[in-house]
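See structure below.
2 protein chains.
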Amino acid sequence: MSAFKPLDPLLHSQLRLAVMSLLISVEEAEFTFLKEKTESTAGNLSVQLDKLEKAGYIEIEKSFRGKRPLTTCKITQVGLKAFEAYVENLRNYIE
Amino acid sequence: MSAFKPLDPLLHSQLRLAVMSLLISVEEAEFTFLKEKTESTAGNLSVQLDKLEKAGYIEIEKSFRGKRPLTTCKITQVGLKAFEAYVENLRNYIE
DNA sequence: TTAAAATAGTTTATAATGTAAACCTATTTA
DNA sequence: TAAATAGGTTTACATTATAAACTATTTTAA
């Protein structure tokens, strides 16, 4: 019942979890927005977004706003499911 | 309000979190009990218990049961506070 | 008008971390 | 008495997280 199931290592990471948490509520967010909200460095954020994308948890779209590059992220269905499963699992550890 | 405060790295670890979770409910547990419940290897558990002890989150007592070594762990007040703070913080990420 | 600073990131190097394999010592069993 | 079991610890390795350094473009200041 309250067995400790493995916690998805992709989500059990402070910054990636914060990113997913944000993406769940806004459903589309810019790189700079995520950077500000998570108070992370750009380098760290860039790396972690890549990992989430490679896992299929988020989609990253690169475009331009005016003349400047613009990176936009949104959560996928796979990502949403994974997040929910992670939270459900985690509850057995903290409740 | 829902800022992402840093998650205590000592607790944001699958095995250590499971151990703390167990110790909160039983308040005294043997090495082998923790090993079984967490389904960890002895080596891994040994290392993680050391870290928790060095942080002052648990107390480890070594004795003998009959002729065999017996390692008993219990959570400290510091550990309890840290766990509660961790969980409180974590809620901002997952709720 | 060109040097400096800012924007929006990516790549790379490093340090920390988690994990299991290998190891140790004593005890029990065959 | 040899082999297996109990109860761990130490160590080596591979994975990670993180920030520093870097790239490329654009805006601002002198």
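Respectively, the protein sequence lines represent chains D and E.
Quick note: the first sequence uses the working numbering, first residue 187, plus one each step.
Quick note: the second sequence uses the working numbering, first residue 187, plus one each step.
Ideal Cβ placement from N, Cα and C applies to all residues, glycine included.
This one's a predicted model, so the numbers in the text were calculated from it and none came from an experiment.
In angstroms with no decimal places, state the Cα-to-Cα distance between phenylalanine 148/E and leucine 203/D. It is not possible to answer for residue 148/E, since the shown part of chain E is limited to 187 through 281.
The stretch 250-258 of chain D contacting the stretch 232-246 of chain E, beta-carbon criterion three pairs below 8 Å: Output reads no: the stretch 232-246 of chain E does not touch the stretch 250-258 of chain D.
Proximal residues to isoleucine 210/E (C-beta, below 8 Å), its chain only, five neighbours per side dropped: Answer for isoleucine 210/E: Ile261, Leu266, Phe269, listed in chain order.
Distance cutoff 9 Å, beta carbons only. Does leucine 276/D sit that close to anything in chain E? yes
Given a limit of 8 Å on CB to CB distance, which residues of the stretch 230-257 of chain E reach chain D? Of all residues in the stretch 230-257 of chain E, none has a C-beta nearer than 8 Å to a C-beta of chain D.
Buried or exposed for serine 226/D, please, with buried defined as at least 16 other CB atoms from any protein chain shown within 10 angstroms of its CB. Residue environment: serine 226/D is assigned as buried (16 or more neighbouring CB atoms within 10 Å of its CB, all protein chains considered).
Please classify threonine 258/D: does DSSP put it in a helix, a strand, or coil? Strand at threonine 258/D.
Tell me whether serine 199/E sits in a helix, a strand or coil according to DSSP, three-state version. coil
Contact with chain E by lysine 267/D, beta-carbon distance below 9 Å: no
Length of the line joining the Cα atoms of leucine 220/E and leucine 235/E: 10 Å
Per DSSP, what are the beta-bridge partners of phenylalanine 217/D in this structure? For phenylalanine 217/D, which the question treats as bridged, DSSP gives no partner whatsoever.
Could you tell me the boundaries of the beta strand (DSSP E) in which serine 249/E lies? 244-251
What did DSSP end up calling aspartate 194/E once you bin it into helix, strand or coil? coil
Note down, in chain order, all residues in the stretch 187-205 of chain E with a beta-carbon under 9 Å from any beta-carbon belonging to chain D. Ser188, Ala189, Phe190, Pro192, Leu193, Pro195, His198, Ser199, Gln200, Leu201, Leu203, Ala204
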